[in-house]
Amino acid sequence: MNLPGYALLSFALITCFSKIQEASCHGSHGSLDDRDLETTTVRCDTPEAKEADITTQQLVVEKFLSSPDEVDVEANILVPVCFYSISDDTGKNKLSNADLQRQLDALNRAYGSSSCCNTTLSWCVPGTCSIKTGIQFAMAKVNANGVLVPGATVQGVSTSGACVFHVVNNMWAYLDSGDEMEMKTALKKGNAKTLDVYFTDLRALGFTFYPWAITPGSVKDGVVVKASSIPGGTNTRYNEGDTLAHEVGHWLGLSHTFSGGCDISDGIADTPPQGNAYGGCSPATRPDTCPGGGPDPIFNFMDYSLDACMYEFTLGQALAMRACYTYFRHGRWENDIIDLQPGEQSDPFNLIPRERQVLRVLVQGNTTCTISANEGNADMYMNLLSPPSWSAADLCVKNSLGSAESCSTGAFVVNELVQEPTEENETGLFRLLIRALAGFIRRAFADVDDPATVPSQSPTRSPVQQWTEPVLLYVGVVAVGSTPVQNARLLCK
Numbered sequence: 255m256n257l258p259g260y261a262l263l264s265f266a267l268i269t270c271f272s273k274i275q276e277a278s279c280h281g282s283h284g285s286l287d288d289r290d291l292e293t294t295t296v297r298c299d300t301p302e303a304k305e306a307d308i309t310t311q312q313l314v315v316e317k318f319l320s321s322p323d324e325v326d327v328e329a330n331i332l333v334p335v336c337f338y339s340i341s342d343d344t345g346k347n348k349l350s351n352a353d354l355q356r357q358l359d360a361l362n363r364a365y366g367s368s369s370c371c372n373t374t375l376s377w378c379v380p381g382t383c384s385i386k387t388g389i390q391f392a393m394a395k396v397n398a399n400g401v402l403v404p405g406a407t408v409q410g411v412s413t414s415g416a417c418v419f420h421v422v423n424n425m426w427a428y429l430d431s432g433d434e435m436e437m438k439t440a441l442k443k444g445n446a447k448t449l450d451v452y453f454t455d456l457r458a459l460g461f462t463f464y465p466w467a468i469t470p471g472s473v474k475d476g477v478v479v480k481a482s483s484i485p486g487g488t489n490t491r492y493n494e495g496d497t498l499a500h501e502v503g504h505w506l507g508l509s510h511t512f513s514g515g516c517d518i519s520d521g522i523a524d525t526p527p528q529g530n531a532y533g534g535c536s537p538a539t540r541p542d543t544c545p546g547g548g549p550d551p552i553f554n555f556m557d558y559s560l561d562a563c564m565y566e567f568t569l570g571q572a573l574a575m576r577a578c579y580t581y582f583r584h585g586r587w588e589n590d591i592i593d594l595q596p597g598e599q600s601d602p603f604n605l606i607p608r609e610r611q612v613l614r615v616l617v618q619g620n621t622t623c624t625i626s627a628n629e630g631n632a633d634m635y636m637n638l639l640s641p642p643s644w645s646a647a648d649l650c651v652k653n654s655l656g657s658a659e660s661c662s663t664g665a666f667v668v669n670e671l672v673q674e675p676t677e678e679n680e681t682g683l684f685r686l687l688i689r690a691l692a693g694f695i696r697r698a699f700a701d702v703d704d705p706a707t708v709p710s711q712s713p714t715r716s717p718v719q720q721w722t723e724p725v726l727l728y729v730g731v732v733a734v735g736s737t738p739v740q741n742a743r744l745l746c747k
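The numbers in my numbering rise by one with no breaks, and the one at position 429 of the sequence shown is 683.
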């Protein structure tokens, strides 16, 4: 066989393998019978959390607990919800409003203290219940044109204006990876604060994305679940509605209880360490995959147990979900400004993905600032006199890949005020700002051809020494990508 023949065979094999891989991602357009739950082996298709994901979640909680008073860590969170029920033209997967209402009720129950073990099962001790997470769900409201009314909710699925859509589409009713974005692009109504849920058929029971792995509110944002997993659905082992509770946990920033193995598990202190997933419901033989850490959390919504076993979240998980919703979905990105001294490195700080930190320093001329970090990718934005606009309009922008960036102001001169300052602005940063701004105004309107407008220079001192006043330099640092920036330090000199 000649070389072109080898190339052709390789191409054919690669193409075949790619198709197999694509079909294994989120299912294929096979028959419904071939993909019944009893043959489903994938509980969850959400990408498994890596150590960086767990670290991000922990940093968010840390920042949430140390936030200023305006962040109420005890406040209840009401999440607006949009439901999209997708069936084919034969009615397969079709869900009624009553079906969807049962799912909404089950979701609220799972996130409240009325989520208890099933007393019809021999192992359940009556009164064994979960904790109140402080998170509840209500149907988002849309106007007569089907456009979301931001922040507004309605009482139930069948209420007029509820964000509920019943869609007939033969391709989307049996979803694979090639159809996902097309479906979401066509249907999605919600914003960053809204939980968009798509009920369809797929190989796994459900999937979503961590809030730091995508842009909240983007087309990709949302949860996809198997329609037959709703309460009373045809998936006999998974038909209590717990699949949605599980996937919403991911949407709110939780990983699986076993994600990091015995070393870090899910990174939450009050969930026992777990070495690997549990896929059954036999509490009498409850495993302990990490000896010394206690029995595995097989009743936790974030394990892989059958629905009959799932009924609880922990206080630590509730805190993590509330923190992630506040930071990623309410867009709490800005921190208090940090003041620096020229030539002195800042204290280390951490940034979660998309979080911003502004630092400021008084400078007297051309200044270079360098940000360095142990991990993560940080971009820099620099401005004189005012905080950065986080755009190309800023004085200096550096956004190359990596955890170290440098920005320079370039040469600049700020002239002194001709008139002496008054008592009310004699001291402090206010005086410096006024003087600096006046200098810039003089330069802007000065006629360079008129010698009278050009300041005289002392023969014994340089122009910068003679005419430069301290100016406030603002440096903005933002964490980009899906991993946190850790132990970042800024130095300006």
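Glycine is no exception: its CB is placed at the ideal position from the N, C-alpha and C atoms.
Because the structure is a prediction, the values reported are computed rather than measured.
At the level of alpha carbons, what is the spacing between residue i and residue j?
i: E292; j: L456; result: No answer about E292 holds up, because its pLDDT of 39 lies below 50 and its placement is not dependable.
i: A392; j: S412; result: 12 Å
i: L569; j: C336; result: 27 Å
i: N351; j: Q409; result: 13 Å
i: S643; j: V729; result: 11 Å
i: T580; j: Q311; result: 12 Å
i: M636; j: V617; result: 13 Å
i: L319; j: C661; result: 32 Å
i: K480; j: K386; result: 26 Å
i: A577; j: V651; result: 30 Å
i: A646; j: S472; result: 23 Å
i: R743; j: Q355; result: 50 Å
i: S712; j: A665; result: Any reading at S712 is ruled out, since the residue's pLDDT is 35, under 50, leaving its predicted position unreliable.
i: G366; j: P641; result: 42 Å
i: D704; j: E723; result: With a pLDDT of 43 at D704, under the threshold of 50, the modelled position of that residue is not reliable, and the figure given next carries that caveat. Roughly 23 Å separates the two Cα atoms.
Should residue i go down as buried or exposed, given a rule of 16 or more other Cβ atoms within 10 Å for buried?
i: V401; result: exposed
i: L594; result: buried
i: E677; result: Low confidence applies to E677: its pLDDT is 46, below 50, so where it sits in the model is not reliable, and the reading given next is rough at best. It is exposed - the Cβ of E677 has fewer than 16 other Cβ atoms within 10 Å.
i: I243; result: A query on residue 243 cannot be resolved here, the shown segment of the chain reaching from 255 to 747 and no further.
i: P602; result: exposed
i: G495; result: buried
i: K395; result: buried
i: L375; result: exposed
i: D343; result: exposed
i: N399; result: exposed
i: L332; result: exposed
i: K747; result: exposed
i: M435; result: exposed
i: N397; result: exposed
i: S750; result: Because the chain here runs from 255 to 747, residue 750 falls outside it and cannot be looked at.
i: A427; result: buried
i: G486; result: exposed
i: N424; result: exposed
Could you have a look at residue i and say whether DSSP puts it in helix, strand or coil?
i: V296; result: coil
i: P404; result: strand
i: H500; result: helix
i: F582; result: helix
i: P705; result: Confidence at P705 is low in this model, with a pLDDT of 39, below 50, so its placement is unreliable and the value that follows should be read with caution. Residue state, collapsed to three classes: helix.
i: T539; result: helix
i: S482; result: helix
i: Q611; result: strand
i: Q311; result: helix
i: I591; result: coil
i: R743; result: strand
i: C563; result: coil
i: M787; result: No answer is possible for residue 787: the residues shown for the chain start at 255 and end at 747.
With a Cβ-Cβ cutoff of 8 Å, do residue i and residue j count as a contact?
i: L560; j: C544; result: no
i: E501; j: G546; result: no
i: L508; j: V477; result: no
i: V612; j: I591; result: yes
i: T624; j: L745; result: yes
i: V725; j: L649; result: no
i: L361; j: A499; result: yes
i: N445; j: Q390; result: no
i: N741; j: A627; result: yes
i: T511; j: T525; result: yes
i: M634; j: E659; result: yes
i: I522; j: A574; result: yes
Return the Cβ separation of residue i and residue j in integer angstroms, given the expectation that the two are a contact with Cβ distance under 8 Å.
i: H504; j: T454; result: Not quite, the Cβ-Cβ distance comes to about 18 Å (not below 8 Å), so this is no contact.
i: S369; j: C378; result: Not confirmed; about 12 Å, so no contact.
i: P404; j: R583; result: Contact doesn't hold; Cβ gap of about 12 Å is too wide.
i: I606; j: V314; result: 5 Å
i: V739; j: E629; result: 7 Å
i: G529; j: G515; result: 6 Å
i: K438; j: K474; result: 7 Å
i: G585; j: R297; result: In fact, because the Cβ distance is near 32 Å, the residues do not count as touching under 8 Å.
Flag residue i as yes when its Cβ comes closer than 7 Å to any non-hydrogen atom of the ligand SAH, and as no otherwise.
i: K480; result: Looking for the ligand SAH in the displayed structure turns up nothing, as the structure carries no ligands at all.
For residue i, decide whether its Cβ has a neighbour in chain B, counting only Cβ atoms nearer than 8 Å.
i: N399; result: Looking at the structure shown, chain B is missing, and only one protein chain is on hand.
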